[in-house]
Amino acid sequence: MYRFLIQKSCNNLPKHKRNIQLLYRTFKNNTAPEHLQSAHFQEAGFGKFLVILSPFIVGGGVLTYAKYDKDFRKTLSTSAPALDPVIKILLQEEEFHPLDDVTKKFDDISKTVGGYTSTVTGFFGGGGEEDKKKPEAKKIPELPPVTRVTRSKSESIPVPAPEKPAAVQSVVKAKPEVKKAPAPTTPAPKPVPLELPKSLAELEKSVEIAAATAVKEYGKAVQILKSYSEDVKKIVDQSIDKVDPSSWILLRNKTSARETAVQMAEEAGDAAKSAIEKYHAALDKNDIKCSDELRDKAKQNIAHYLNHLKEAKNEVFKAKDSASLGEKYWKNVETARNYFVDEIEALFPGVNLAEKKLKLSADELDLFILHAFSHIANYQKELQKLQIEGDTRLKRVFDSLRGDDQTENVKSQVEYEIAKERRELNLQNQKKILQIRADIEKELRNQMKRQSEAHVDHLKEALGIKEKEMRRIFDRELNEKITSEQAAYKLQLAEMVGKLKGMDAALKARAETERGAHQAQALWSACQSLWSSIRSGEPGKSWREKLRPLRTEIQAVTNAAEGDELVAIVVKSVQDVALHRGVYPEDALRERFIKVEQISRRLALVPEEGARLPIYLLSYLQSWLIARPDVPISKDELDDKPFDFAKLDTYDVLNRARYWLDRGNLEQTLRYMNLLQGASRKAASDWINEARLLLEITQVANTLIAYASAGGTRYL
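Here the numbering used here is used: the first residue of the sequence shown is 647, the next is one more, and so on.
Written as structure tokens, this is what we have:
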């Protein structure tokens, strides 16, 4: 299906072949005589020389006649448009740049191919790119100032700016649905009989007015032609998304308005040219009396006016050629789209192409995608074929340019431009193909989504009806059940409320009991930890390293019995020294006592305030001479009978303290150590303080353990 469509759209592709052939012939005509002269001039006889020279003579005569006869040149340009640039080059009206000519031809080819590509992709639903802003129309050069004889007539008449005619404005503002033709342009006034001016100033003024009028008409024609080309592209691009038959009718109406404007411009230009030539002839015949200097200057101004008219006319010819291409373009597009519409309606009856979303079944969609793929592949094959043929023709053109010093530069530049254009076209085609594929997949997903939504809506409607019926039955049965259950529920609720209140009271009592038991257990554990920390230190260390702070253990006791008044009072009685510095355990004090006892024995005879060295030596010797008794304490003292402790000396006190320390009675040992006097007591004072601190902490621990044990027995 799309194969026929693409073939229909590509019917104009052979025009590009003809353009390339024309380019080839142009370069060949410019270079062939040189080849013939260089290759055969020496061998040619007089007859061959005439044969070779005759084309130059004929061509020179044609060029000479075309230079002086504008009508003949116009006829020659109309019948053979390719000769117009050659004539301009040979007459030195413009410089010849082979590279610019070739580049321009290839730019035209690439633009045309890009237009066909966008047209084809538009048939498949692809959105066109935003139109780029068109460059402003080439400003018509200002006319030269007019030479005046007197200062009173020195003011020049300003050339009116080209205005956009009513026909162009109506075409631009017209909407697609408007089918009426644009307002026709105002016809040019009929020429009045030409009267020769009486003075040179009047002649120059008349020439200026005639030239300005002609240039203005040419400008209007150029604007109408350019507007026509822009409108053609705009309407054709808009028709890709919205097929509207009124668009083509509007284009036909604009075509007639364009032809009218061109005809009026040509008539005005011919009239102005004829008048200026008559004025020029009058100057040559000396019909107007003036000095030679003013006459020469007036002739120069007339020549400038003629050049301006020529440039304006060339602009009209260029715009006319562009408009002709646009007309052929939209007519071919219209034919291709009509063929496309007929083919689509034949394959898919009932399809409305004016809608952006075609309602096709799954089978029709598969057929559509298959045809699209096959025709796109065929189109790519045709493009490759055209590319190969164009490369071959270009190669021939380059072969014909051999011998020119710029051949290599032209060839490299053209190859670079061709490669660049090919890359851009490939990139654009890939983007458009991807966009087409994405649009098709998106449309497929949308169709599937609509089908699923329709099915879901049907199911929802059926479920809604069934739900309403079931809800009525359920509400009726529910009301009956609620009425019967409410009465039974109230009876059960009253019974359950009583049970819950009793259970709540029992649970609260049980929770309070368990909380107290847990608190007692935690307190007992914390007290046991405190007691074990002061009972013995870490084994394998000396007594100096067994000093241990009790801050952690005391804090654990406080946390375990938080809110208990007795525990708070007992903990508050603990000295800060025990909390921060620490307490020596019992085994450390026992180990330290041995050293304290030894020093105290050596200082037994020394008073508290000290003595001389002989006293120290005598006390030291006495400590070695006095032996320790086997029974350091009497039986009466053990039986707690009355005894005078003042009779005990230092050695007796130390023996009795050692006796009780060996039996683990630190409290009794401390009592005997308090009986020491003199330097012995001073040496043992630190040990006495540490023992007293340990006994205080031991008393605290025992008190808390007893309290925790007593509290725990209440919850057994």
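We treat Cβ as the ideally placed atom computed from N, Cα and C, and that holds for glycine.
Test item: CB-CB of residue i and residue j under 7 Å
| i | j | result |
| --- | --- | --- |
| N1206 | L1169 | Looking at the sequence shown, residue 1206 is not Asn but Ala. Against a cut-off of 7 Å, the Cβ pair of L1169 and A1206 comes out as a contact. |
| A958 | A918 | no |
| S1331 | A1250 | no |
| L1322 | V1299 | yes |
| A911 | E863 | yes |
| S852 | S968 | no |
| V1060 | W976 | no |
| L1267 | A1224 | no |
| V1229 | W1333 | no |
| I1240 | V1217 | no |
| I881 | I922 | no |
6 Å Cβ shell around residue i - same chain, five flanking residues per side excluded
| i | result |
| --- | --- |
| W1306 | Q1314 and T1315 |
| K1112 | none |
| A1108 | none |
| D1222 | none |
Nonlocal neighbours in the same chain, by C-beta distance under 7 Å from residue i, ignoring five residues either side
| i | result |
| --- | --- |
| R1236 | L1307 |
| R1302 | P1278, I1279 and Y1318 |
| Y1262 | V1252 |
| K966 | L871 and V908 |
| K1328 | E1254 |
| G996 | none |
| P808 | Below a pLDDT of 50, predicted positions are generally treated as unreliable, and P808, at 35, falls in that range; no measurement from the model is reported. |
| A612 | The shown model of the chain, from 647 to 1362, leaves out residue 612, and the question about it has no answer. |
| N1125 | none |
| L609 | For residue 609 there is no data in the structure shown, the boundaries of the chain being 647 and 1362. |
Supposed contact pair residue j and residue i - C-beta distance, whole angstroms, cut 8 Å
| i | j | result |
| --- | --- | --- |
| A1166 | V1203 | Wrong, their Cβ atoms sit about 12 Å apart, outside the cutoff. |
| I1215 | L1340 | With 8 Å as the limit, I1215 and L1340 do not qualify as a contact, their Cβ atoms being about 21 Å apart. |
| V1220 | V1346 | 6 Å |
| L1006 | F1014 | 6 Å |
| A867 | V962 | 5 Å |
| G1209 | G1357 | Not confirmed; about 13 Å, so no contact. |
| E973 | T901 | 6 Å |
| S1246 | T1296 | 7 Å |
| I1343 | Q1174 | No, I1343 and Q1174 are not in contact; Cβ-Cβ is about 14 Å, not under 8 Å. |
Sheet register partners of residue i (DSSP bridge)
| i | result |
| --- | --- |
| R1194 | V1229 |
Three-way DSSP call (helix, strand, coil) for residue i in this model
| i | result |
| --- | --- |
| F994 | coil |
| S1326 | helix |
| G691 | Only weak support exists for where G691 lies, its pLDDT of 49 falling under 50; the value from the coordinates is given anyway. Correct three-state label for G691: coil. |
| A1207 | coil |
| E1313 | helix |
| D1121 | helix |
| L1340 | helix |
| L1085 | Here the sequence assigns Asp to residue 1085, which means Leu is not the residue at that position. The answer is helix: DSSP assigns D1085 an H, G or I state. |
| P790 | Only weak support is given to the placement of P790: the predicted model assigns it a pLDDT of 39, under 50, and the value that follows is read from those uncertain coordinates. P790 falls in the coil class under three-state DSSP. |
| D1286 | coil |
| A1352 | helix |
| A813 | Unreliable placement is indicated for A813, whose pLDDT of 31 sits below 50; no coordinate value is reported for it. |
| R1069 | helix |
| L955 | helix |
| K1112 | helix |
| V1221 | With the sequence shown as reference, residue 1221 is identified as Gln, and Val is not the correct amino acid for it. In this structure, Q1221 counts as coil in the three-state DSSP scheme. |
| K1095 | helix |
| N908 | For clarity, residue 908 is Val in the given sequence; the question names Asn instead. Here V908 sits in helix by DSSP. |
| A949 | helix |
| K1005 | coil |
| L1294 | coil |
| A1250 | coil |
| R1274 | coil |
| S1280 | coil |
| L1364 | With the chain covering 647 to 1362 only, the question about residue 1364 has no answer from this structure. |
Own chain partners of residue i with C-beta closer than 8 Å, once the 5 adjacent residues on each side are dropped
| i | result |
| --- | --- |
| L1011 | L1090 and Q1093 |
| A1337 | L1235, L1312, T1315, L1316 and M1319 |
| S1265 | R1248, L1249, A1250, L1251 and V1252 |
beta-carbon residue i near the ligand FMN non-hydrogen atom, thresh 6 Å
| i | result |
| --- | --- |
| G996 | Inclusion of the ligand FMN in the displayed structure is not the case, the ligand content being empty and no account of it being possible. |
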